[in-house]
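Step one of this worksheet: look at the structure below.
As structure tokens, then:
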């Protein structure tokens, strides 16, 4: 069964550094997302991406964050100048129809 | 602010029993509802979707939707220890396919006791 794959599975970074989280969505899917989950809290929407542009973003997704689809298969989340409170599990997700969404295994980000 | 509320639990049921998980949502115009299962440290795994009032059955799982009461539930029959996980209720919001997003509840932790 096709899966959303994410790398790295875990990254530790110094506060203030830039991080890039990578995702390969399911191949025939058209809608791509990033969600995050701070430890012990609910899964939160960050951004949706469709037709090579951001279609929706939450209040969390400020200028510190950016997304890119650099080629036909990868979808990346860049976090600039990381802060301690950015420590979370970041989930990439994709959907064929924009309705049913499938999540990747996640990338644990620890900011120290 | 669109909210999805769940009882955080833990909900403990004996093996073989029916587990009943509940969820309420605030956005009256929501049309699509999902249940995800999340094991500790893992990603949400889609187990059920429901779009119309009434019941929808898939194996041991039954989702129930009542839009008038803004209420969604998940029943797990013949509960197994492997069902022990956190169950996340998610409601689709947004005005079009490109802007759809899921709003999640905090989840109900289910523990099935052998």
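Residue numbers (my numbering), protein chains in the order written: chain A, 13 to 124; chain B, 968 to 1081.
The beta carbon of each residue, even a glycine, is placed where N, CA and C say it ideally should be.
What you are looking at is a predicted structure, and each value in this text was computed from that prediction instead of being measured.
Below 9 Å on C-beta distance, what does residue 1016 of chain B contact in chain A? Against the second chain, residue 1016 of chain B aligns to sequence position 49. Those within 9 Å of residue 1016 of chain B in chain A are 111, 112.
When B:1073, B:969, B:1080 are compared against residue 1055 of chain B, the one with the closest alpha-carbon: Along the second chain, one-based indexing puts residue 1055 of chain B at 88. Looking at the Cα atoms, B:1073 is the closest of the given residues.
Where does residue 1066 of chain B sit, in a helix, a strand or coil, going by DSSP? As a position in the second chain, residue 1066 of chain B is number 99, starting the count at 1. Residue state, collapsed to three classes: helix.
Quick check on residue 1041 of chain B: does DSSP put it in helix, strand or coil? Walking along the second chain from the start, residue 1041 of chain B turns up at place 74. Strand at residue 1041 of chain B.
As an exercise, report each continuous beta strand (DSSP E) stretch of at least 3 residues that is fully enclosed by the stretch 989 to 1029 of chain B, in chain order. The stretch 989 to 1029 of chain B contains these whole beta strand (DSSP E) runs: 1000 to 1005, 1012 to 1017, 1021 to 1025.
Using 8 Å as the limit for Cβ to Cβ distance, is residue 1034 of chain B near chain A? To locate residue 1034 of chain B, count along the second chain from 1; it is residue 67. Taking a beta-carbon distance threshold of 8 Å, residue 1034 of chain B does not count as an interface residue toward chain A.
Listed by chain order, chain A residues near residue 1010 of chain B by CB distance under 7 Å: If you number the second chain from 1, residue 1010 of chain B lands on position 43. From the beta-carbon of residue 1010 of chain B, the residues of chain A found nearer than 7 Å are 103, 115, 116, 117, 118.
Could one say the Cβ of residue 1061 of chain B lies closer than 8 Å to chain A's Cβ atoms, at least one of them? Against the second chain, residue 1061 of chain B aligns to sequence position 94. With 8 Å as the cut-off, residue 1061 of chain B counts as an interface residue toward chain A.
Which residues in the same chain have their Cβ closer than 6 Å to the Cβ of residue 120 of chain A, if we skip the five residues on either side of it in sequence? The sequence position of residue 120 of chain A within the first chain is 108, counting from 1. Correct list, in chain order: 22, 101.
Residue from A:64, A:118, A:123 with nearest C-alpha to residue 20 of chain A: As a working mapping, residue 20 of chain A is identified with position 8 in the first chain. Ranking the options by Cα distance to residue 20 of chain A, first place goes to A:118.
Any contact between the stretch 45 to 60 of chain A and the stretch 94 to 114 of chain A? By contact I mean 3 or more CB pairs, one from each, below 8 Å. Inter-segment contact for the stretch 45 to 60 of chain A and the stretch 94 to 114 of chain A is present: three or more beta-carbon pairs are separated by less than 8 Å.
What three-state label does DSSP hand residue 1048 of chain B in the structure shown? As a working mapping, residue 1048 of chain B is identified with position 81 in the second chain. In this structure, residue 1048 of chain B counts as helix in the three-state DSSP scheme.
For the stretch 1036 to 1049 of chain B against the stretch 82 to 95 of chain A, are there 3 or more C-beta pairs whose distance is under 8 Å? Below 8 Å, too few C-beta pairs join the stretch 1036 to 1049 of chain B and the stretch 82 to 95 of chain A to call them touching: fewer than three.
Opposing strand residues paired with residue 986 of chain B [DSSP bridges]: Numbered from its first residue, the second chain carries residue 986 of chain B at position 19. The partner list for residue 986 of chain B (beta bridge, DSSP) reads B:1043.
Rounded to whole angstroms, what is the Cα-Cα separation between residue 982 of chain B and residue 1047 of chain B? Your numbering for residue 982 of chain B matches position 15 in the second chain. Your numbering for residue 1047 of chain B matches position 80 in the second chain. Separation of residue 982 of chain B and residue 1047 of chain B (C-alpha to C-alpha, rounded to the nearest whole angstrom) is 5 Å.
Can you check DSSP and say which residues form a bridge with residue 981 of chain B? Within the second chain, numbered from 1, the residue matching residue 981 of chain B stands at position 14. DSSP, once it has assigned bridges, lists B:1080 as partnering residue 981 of chain B.
Can you find a CB in chain A that lies within less than 8 Å of the CB of residue 1028 of chain B? As a working note, residue 1028 of chain B is residue 61 in the second chain. Residue 1028 of chain B is outside the set of residues whose beta carbon lies under 8 Å from a beta carbon in chain A.
Assigned secondary structure, residue 42 of chain A (DSSP; H/G/I helix, E/B strand, else coil): In the first chain, counting from the first residue as 1, residue 42 of chain A sits at position 30. DSSP places residue 42 of chain A in coil when its eight states are reduced to three.
Less than 8 Å between the CB atoms is what I'm expecting for residue 1068 of chain B and residue 57 of chain A, so what's the real figure, rounded? Here residue 1068 of chain B refers to the residue found at position 101 when the second chain is read from its first residue. Here residue 57 of chain A refers to the residue found at position 45 when the first chain is read from its first residue. That pair is a contact at about 4 Å.
Return yes when the Cβ of residue 973 of chain B is within less than 8 Å of the Cβ of residue 1075 of chain B, no when it is not. For the purposes of this step, residue 1075 of chain B is taken as the residue at position 108 of the second chain. For the purposes of this step, residue 973 of chain B is taken as the residue at position 6 of the second chain. Between residue 1075 of chain B and residue 973 of chain B, the CB-CB gap stays under 8 Å.
Tell me whether the beta-carbon of residue 979 of chain B lies closer than 8 Å to the beta-carbon of residue 1078 of chain B. Counted from its first residue, the second chain places residue 979 of chain B at position 12. Counted from its first residue, the second chain places residue 1078 of chain B at position 111. In contact: residue 979 of chain B and residue 1078 of chain B (Cβ atoms closer than 8 Å).
Is the number of C-beta pairs between the stretch 71 to 85 of chain A and the stretch 986 to 1006 of chain B that are closer than 8 Å three or more? The way I'd put it, the stretch 71 to 85 of chain A doesn't touch the stretch 986 to 1006 of chain B; fewer than three beta-carbon pairs between them come closer than 8 Å.
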